[in-house]
Each structure stands twice: as structure tokens, then as C-alpha cells.
Amino acid sequence: MDVRIGASCGGCTGAKGEALGQVTVFAGAQRRRRWDDADKISLIARAFAPGAVVSQVARAADVHPNQLYRWRKEFGAARGGGAQGFAQVVVQGDAGESGAKPCAIRVRLGRVEVEVAEHAPPALAAAVLQVLSR
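Quick note: the sequence shown uses the numbering used here, first residue 72, plus one each step.
Here it is, written out as C-alpha cells:
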């Protein structure tokens, strides 16, 4: 029996026609890699940094891109940041139309509603919103 191993065969190419660089074979009882939390957080930070491409970071770490999204979701929920994404925005007319007191921003987080007045210092508004988002 003749067995040849390597990327020299004609069908062993990547998506861009490049030869495959490495094959990892797991044998024995443990067939899955174990990632500690520090490594996961590091990969998440690199993958979702501004300008980063998730698939490239995943390829370099030899994981599927979906794994990075799953880890990001798990760590976000563990930190209490499960409510990531878009927030509903309602645009209303002037305060004079509805008779309501003037406010610059109204934020609703779950059952809590916060109104930020026009003259509120930005640092105060940021601190209140940060505490409520925990």
C-alpha cells in the first residue's frame, strides 16, 4: 500500500489555490482543544478590534469564526452585557407640543427609565448610564 502525505497532490489547495499549510490530527482520549478564558478573551479582543477581520483572526488561531462569536456572546452575558446591539429610538417633537419637561435624552433599560436633562454635565449622565447598564 502506497500512502502519500502532504500538499503536493493537485486537489490539496485552499480557497485561494494555495497549498494547505498544516494539518492537526488529534488522537487519543482528548480530541478537542481546551481554551482557557484568558486565551478566549485575547482572541475576542483581536477579532472584534476596529479594522479587524474575524475570519482572518479565526484562521490564524485555527478556530471557526462562529466559535469567536459564541465566545463573545458567552463572555458578554457573563459580564452582564447581554443586551448588546441596537436600542429602540423614538423621535418626538418639541417639549412644547406634548407639555412634557425638556430633556436631552430619555433612556429605557428594562423597567428603568432615565431622563438626562439638557443642562446635565456629560460626566454625570455617563456615570448614571454606566451604573444602570450593569
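Backbone N, C-alpha and C fix where the C-beta goes; we use that ideal spot for every residue, glycine too. Remember, it's a predicted structure, so these values are computed and weren't measured experimentally.
Under DSSP, the beta-bridge partners assigned to L180 are V183. Within the model, the alpha-carbon separation for A131 versus G122 is close to 16 Å. Cβ neighbours of A194 within its own chain (closer than 6 Å, five residues either side excluded): none.
Our two residues, D133 and F119, have alpha carbons roughly 16 Å apart in a direct line. Here A129 is buried, its C-beta having at least 16 other C-beta atoms within 10 Å. Within its own chain, no residue has a Cβ closer than 8 Å to the Cβ of S113 once the five positions on either side in sequence are excluded.
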